[in-house]
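Sequential numbering from 1 applies to the sequence shown in full-length UniProt numbering.
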Amino acid sequence: MKTRAAVLTGYHRPFEIREIDLDEPRAGEVLLTMSAAGLCHSDLHMVDGDNVVRFPIVGGHEAAGIVEQVGPGVTRVAPGDHVVCSFTPACGTCRYCSTGKQNLCNSGATILEGSMPDGTFRMHDPELGDIGGFCMLGAFSERATVSELSCVKVDDWLPLDKAVLVGCGVPTGWGSAVNAGGVRPGDTVVVYGLGGVGMNAVQGAAHAGAKYVICVDPVEFKRKTALDFGATHVFATAEEAATATRELTWGEGADQAICVVGVMTEQVVTDAFNVIGKGSTVVVTGVANPADLTVHVSGSDMVFNQKTIKGTLFGSSNPQHDIIRMLRLYDAGQLKLDELITRTYTLDQINEGYQDLRDGTIIRGVIDFTLGA
Ligand code: CND
Ligand code: ZN
1 MKTRAAVLTG YHRPFEIREI DLDEPRAGEV LLTMSAAGLC HSDLHMVDGD NVVRFPIVGG
61 HEAAGIVEQV GPGVTRVAPG DHVVCSFTPA CGTCRYCSTG KQNLCNSGAT ILEGSMPDGT
121 FRMHDPELGD IGGFCMLGAF SERATVSELS CVKVDDWLPL DKAVLVGCGV PTGWGSAVNA
181 GGVRPGDTVV VYGLGGVGMN AVQGAAHAGA KYVICVDPVE FKRKTALDFG ATHVFATAEE
241 AATATRELTW GEGADQAICV VGVMTEQVVT DAFNVIGKGS TVVVTGVANP ADLTVHVSGS
301 DMVFNQKTIK GTLFGSSNPQ HDIIRMLRLY DAGQLKLDEL ITRTYTLDQI NEGYQDLRDG
361 TIIRGVIDFT LGA
């Protein structure tokens with residue numbers, strides 16, 4: 001069968017909308033009609049060379065859709081089910097899945113290559129050959145054949161064009177504060193970067209009872225928006241945030257610093273390391289080119305002040321549980337999703353959407369496949 005998809009053929013090239021071939025689902029696989037896909041910065045990293053991937057690849061790892069067809073042996077979902085995809089699959093039985101670390105499931109080994117776990121591809125083109133799907137999804141496509149391990153069935157009354165955000169940005173940000181940072185009532189948290197992921201670190205920190213959520217972003221619109229998500233103080237620079245943090249904590253420093261800038265830098269991690277106090281934690285969520293060594297700190301400072309620096313993938317969530325948990329919080333009016341979406345786009349407008357992300361004019365952009373349909 002055919003699908004229209006946004007394909008990347010190499011670094012520093014725009015997404016190209018092409019009609020490509022899509023395979024039927026094989027054993028354990030599911031054909032999805034895509035409803036919505038979020039514009040996360042991680043897809044832009046493939047354009048800019050900050051995510052090292054195999055080309056050609058269909059971008060998109062924040063996905064929601066409806067099951068059109070299932071392959072042999074599929075038990076998690078059935079035709080007609082509404083699904084939010086997890087950008088890391090969860091087999092449920094590997095060492096990581098069975099110890100509460102589904103985000104690290106062994107079946108996710110090929111998420112950057114975009115193949116299925118067995119190394120084969122479901123999208124093809126006579127000219128381009130085999131085409132990967134980023135994070136085993138390739139959500140920037142009207143239809144996608146994905147593993148059932150990537151699918152989480154969700155309540156069918158939820159709007160998929162909002163629920164899509166719990167496929168990456170919301171649990172990644174929220175979990176960076178709550179799971180990885182372990183924010184507790186009364187803590188002081190500093191968040192660097194207020195995009196579609198970082199805004200949810202703010203939301204998560206506030207949710208967990210932080211006394212102060214101190215935010216840094218050079219873009220005024222982001223800082224203003226953060227105040228609606230639970231930020232108590234917002235600053236354009238890390239220096240201003242550091243001064244305020246010292247004053248607000250009587251010199252003790254922050255309990256957590258969450259680094260969620262678009263492209264991670266040594267400067268941000270160093271600022272975060274210097275802003276936290278004794279026994280406290282820096283969480284690194286944002287991504288940079290893997291060849292860039294972005295963590296350079298004093299080991300002695302780390303020892304004598306017992307500081308921790310940790311990375312987090314998917315906010316250290318268990319997607320099969322946490323995607324549902326996030327949506328139940330939304331349904332109960334306790335988690336903001338609608339307010340994260342500044343603009344929606346058609347698939348054909350994808351490069352415009354990513355230009356808006358670069359320009360800092362959107363928190364999250366969403367491709368709505370039902371627009372103009
Ligand atoms: P987005 O581009 O929407 O937001 C980044 C924000 O950082 C923007 O508001 C910028 O203005 C701001 N910013 C840039 N430089 C600085 C700085 N020096 N100090 C403070 N703020 C700054 O990106 P996003 O929210 O979609 O993604 C953020 C990062 O998270 C990005 O690197 C993405 O690849 C990564 C990510 C990680 C994971 C994971 O599992 N760890 C999952 N998805 C995305
Ligand atoms: Zn993402």
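Just so it is clear, CB atoms sit at the ideal spot from N, CA and C, and this is done for glycine as well.
- Between K307 and V283, the CB-CB gap reaches or exceeds 8 Å.
- Shown here for T9: same chain residues with a beta carbon closer than 8 Å to its own, the five before and five after excluded, namely E16, F55, P56, L128 in chain order.
- Here E148 is buried: its Cβ has 16 or more other Cβ atoms, across all protein chains shown, within 10 Å.
- Secondary structure of D156 (DSSP, three-state): coil.
- In chain order, the residues that have a beta carbon nearer than 5 Å to some heavy atom of ligand 2 are C40, S42, C168.
- Boundaries of the alpha helix (DSSP H) harbouring Y354: 350 to 359, taken from the DSSP string.
- Here the alpha carbons of V234 and G80 stand approximately 44 Å from one another.
- Counting C-beta pairs with one atom in each stretch, the region 350 to 359 and the region 326 to 336 have fewer than three that are closer than 8 Å, which means they do not touch.
- Exclusion of the five residues before and after V7 leaves E16, R18, P56, V58 as the residues of its chain whose Cβ lies within less than 6 Å of its Cβ.
- Where Q256 is concerned, the enclosing beta strand (DSSP E) starts and stops at 254 to 259.
- Going by DSSP, A272 is part of the alpha helix (DSSP H) stretching over 266 to 275.
- A residue is called buried when at least 16 other Cβ atoms come within 10 angstroms of its Cβ; R122 meets this threshold and is buried.
- With contacts defined by Cβ atoms closer than 8 Å, V189 and A254 form a contacting pair.
- By the Cβ neighbour-count rule, W157 is exposed, with fewer than 16 other Cβ atoms within 10 Å of its own.
- R26 is not bridged by DSSP to any residue.
- Rounded to whole angstroms, I214 and G204 show a C-alpha spacing of 13 Å.
- Look at V146 here: in three-state DSSP terms it is strand.
- Residue range 41 to 48 is occupied by the alpha helix (DSSP H) that includes V47.
- For D125, DSSP records a beta bridge to G129.
- Boundaries cannot be given for G167, as no alpha helix (DSSP H) includes it and DSSP labels it neither H nor E.
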